[in-house]
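Taking it in order: structure first as structure tokens, then the write-up.
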Amino acid sequence: MPLRHGRTAKTIRANIPRNIRTERRAGYPQRQAVAIALSTAARDARKAHIRVKGVRPTLRAKPKKRR
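Residue numbers (the working numbering): 2 to 68.
This is the structure in structure tokens:
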């Protein structure tokens, strides 16, 4: 996917509609394209250690504690 470069919240937010358009052109249904775009944004936000308005960070399962 052609994305804007950068790890700021503004850049990540700008990439969401761009990702949706790209996925729609690739033939994905609207809902699936939105899900892909939001998961990509959440992953980028997690890598940049920032919060992005409108993007819920994906939660990872905590590893079980060993006894």
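Ideal Cβ positions, reconstructed from N, Cα and C, are used throughout, including at glycine.
The model shown is predicted, which means the values in this text are computed figures rather than measured ones.
Applying the 10 Å Cβ sphere with the 16-neighbour rule, what's the burial state of residue i?
i: Pro27; result: The residue asked about is misnamed: residue 27 is Ala in this sequence, not Pro. Burial call: exposed.
At a threshold of 6 Å, does residue i count as lining the ligand HEM (C-beta to nearest heavy atom)?
i: Asp45; result: The model on display carries no ligand, and the ligand HEM is accordingly not part of it.
DSSP three-state call for residue i: helix, strand or coil?
i: Lys66; result: coil
i: Ala43; result: helix
i: Lys11; result: helix
i: Pro30; result: coil
i: Lys48; result: helix
i: Val56; result: coil
Could you check how far apart the C-beta atoms of residue i and residue j are, in whole angstroms? I think they sit under 8 Å.
i: Ala34; j: Arg25; result: 5 Å
i: Ala38; j: Val53; result: Not confirmed; about 12 Å, so no contact.
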